[in-house]
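Enquirer:
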Ligand code: 1GP
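Numbering (the numbering used here), first residue to last: 2 to 246.
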C-alpha cells in the first residue's frame with residue numbers, strides 16, 4: 002500500500018501521530034533506538050528531516066529505520082539534500098509563505114530529477130509557518146503568519162487545495178513555546194478538505210488533544226523524544242491524548 006493511502010485509510014479509524022527525527026542530531030543506531038521506542042509508544046510513522054541535512058547521514062539513518070521498522074519512513078525535506086531512496090515516501094512540500102521563491106518552488110525543481118530517478122512516492126503538501134516559526138521560519142525566510150490571524154492561514158490552505166495539494170502542514174517551529182493556536186487549525190479544517198498536520202511546540206497529551214479537538218488529523222512531534230530517557234512513555238502519553246478524541 003502507498004503511504005498516502007495508508008495515512009488516509011488509517012485516518013478513517015482515528016487521528017495519527019508522526020515522530021520527526023533529524024538525522025543530524027544522532028547517529029543512525031541511536032535514531033533506530035529512539036524510533037523503536039516511539040513505535041512501541043504508538044507512533045504511526047517516522048518523518049526524517051531537518052533544516053540542514055547531509056544526504057549521507059540521511060541515507061544511513063533512513064536505511065536502518067526502513068530495514069528494522071514496520072511503520073512508514075517519510076522524508077520531510079528541508080532542502081534538496083533531504084531526498085533519499087531508503088524512505089517509503091516524501092512529503093513534497095512548498096513553503097507557501099516564504100518571501101523567497103527558492104523555498105516555494107526552486108528547491109523542489111532542483112530536487113525533482115533525483116526524485117524521478119529513484120521513483121519514491123511523492124505526497125504533495127502545502128507548508129506554512131506560523132509565529133514564532135523557529136529555525137524553519139528563519140531559514141525559510143517566512144513571512145510568519147500572526148498567531149491571531151487564522152484567516153490568513155485558511156487563505157493559504159484554500160490556495161493550496163486549489164493548486165491540487167492534499168495535505169497541509171501548520172508549523173509553529175520546532176521547540177516553539179506555544180503550539181499553533183486551535184482557532185487556526187479549526188478555520189483551516191472548516192474551509193478545506195485537507196489532511197491537516199500540526200507541529201511545533203507540542204509536548205504533552207493535552208497539547209495534542211487540543212490540536213486534534215480543533216481538527217488536526219496528524220500531530221507531529223520532534224523535540225520531546227530528544228529531551229527524555231522515557232521515550233516510549235512520553236510518546237504513549239501524546240498518542241493517548243490524540244486517540245482519546
Ligand atoms: C518541526 O513541527 C515539527 O518541524 C516538530 O516540532 O520539535 O517542537 O516537536 P517540535
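Note that beta-carbon positions come from the ideal geometry of N, C-alpha and C, so glycine has one too.
Are there 16 or more other CB atoms within 10 angstroms of the CB of residue 165, so buried, or fewer, so exposed?
Expert: Mapped onto the chain shown, residue 165 falls at position 164. Under this definition residue 165 is an exposed residue.
Enquirer: What's the C-alpha gap between residue 83 and residue 51?
Expert: Locating residue 83 in the chain shown gives position 82, counting from the first residue. Locating residue 51 in the chain shown gives position 50, counting from the first residue. Roughly 8 Å separates the two Cα atoms.
Enquirer: Can you grab the Cα-Cα spacing for the pair residue 7 / residue 145, in whole Å?
Expert: As a working note, residue 7 is residue 6 in the chain shown. As a working note, residue 145 is residue 144 in the chain shown. Roughly 32 Å separates the two Cα atoms.
Enquirer: For residue 57, count neighbouring Cβ atoms within 10 angstroms of its own Cβ and tell me buried if that reaches 16, exposed if not.
Expert: Residue 57 sits at position 56 when you count from the first residue of the chain shown. It counts as exposed.
Enquirer: I need the DSSP call for residue 65, collapsed to helix, strand or coil.
Expert: Working through the chain shown from its first residue, we reach residue 65 at position 64. DSSP places residue 65 in helix when its eight states are reduced to three.
Enquirer: So is residue 231 buried or exposed if we call it buried at 16+ other beta carbons inside 10 Å?
Expert: Working through the chain shown from its first residue, we reach residue 231 at position 230. Residue 231 is exposed by the Cβ-count criterion.
Enquirer: Run through the DSSP bridge pairs and tell me what residue 48 is partnered with.
Expert: For the purposes of this step, residue 48 is taken as the residue at position 47 of the chain shown. Answer is 21, 75.
Enquirer: If you measure between the beta carbons of residue 126 and residue 163, is that distance less than 8 Å?
Expert: For this step, residue 126 is matched to residue 125 along the chain shown. For this step, residue 163 is matched to residue 162 along the chain shown. Taking 8 Å as the Cβ cut-off, residue 126 and residue 163 do not qualify as a contacting pair.
Enquirer: If you check the beta carbons only, do residue 129 and residue 157 fall under 8 Å apart?
Expert: Start at 1 with the first residue of the chain shown, and residue 129 comes out as number 128. Start at 1 with the first residue of the chain shown, and residue 157 comes out as number 156. Yes. Within cutoff.
Enquirer: Give the straight-line distance between the Cα atoms of residue 4 and residue 140, rounded to the nearest whole angstrom.
Expert: The count along the chain shown starts at 1 and reaches residue 4 at position 3. The count along the chain shown starts at 1 and reaches residue 140 at position 139. The alpha-carbon atoms of residue 4 and residue 140 are separated by roughly 28 Å.
Enquirer: According to the Cβ coordinates, are residue 73 and residue 90 closer than 8 Å?
Expert: On the chain shown, position 72 is the one that residue 73 refers to. On the chain shown, position 89 is the one that residue 90 refers to. It is a contact, given that the beta carbons lie within the stated cut-off.
Enquirer: Got a sec? Which residues, its chain only, sit under 6 Å from residue 174 by beta carbon, not counting five neighbours each side?
Expert: Within the chain shown, numbered from 1, the residue matching residue 174 stands at position 173. If we look at residue 174 and ignore the five residues flanking it on each side, its Cβ neighbours are 133, 134, 135, 137, 138, 201.
Enquirer: Jot down the residue ranges of each uninterrupted alpha helix (DSSP H) in the stretch 185-225, minimum 4 residues, whole runs only, in chain order.
Expert: Counting only runs of 4 or more, we get 206-215.
Enquirer: Could you pull out every residue in the same chain whose Cβ sits closer than 7 Å to the Cβ of residue 46, ignoring the five residues on either side in sequence?
Expert: Numbered from its first residue, the chain shown carries residue 46 at position 45. Answer for residue 46: 19, 72, 73, 75, listed in chain order.
Enquirer: Buried or exposed for residue 110, please, with buried defined as at least 16 other CB atoms from any protein chain shown within 10 angstroms of its CB.
Expert: One-based indexing of the chain shown puts residue 110 at position 109. The residue is exposed, with fewer than 16 neighbouring Cβ atoms inside 10 Å.
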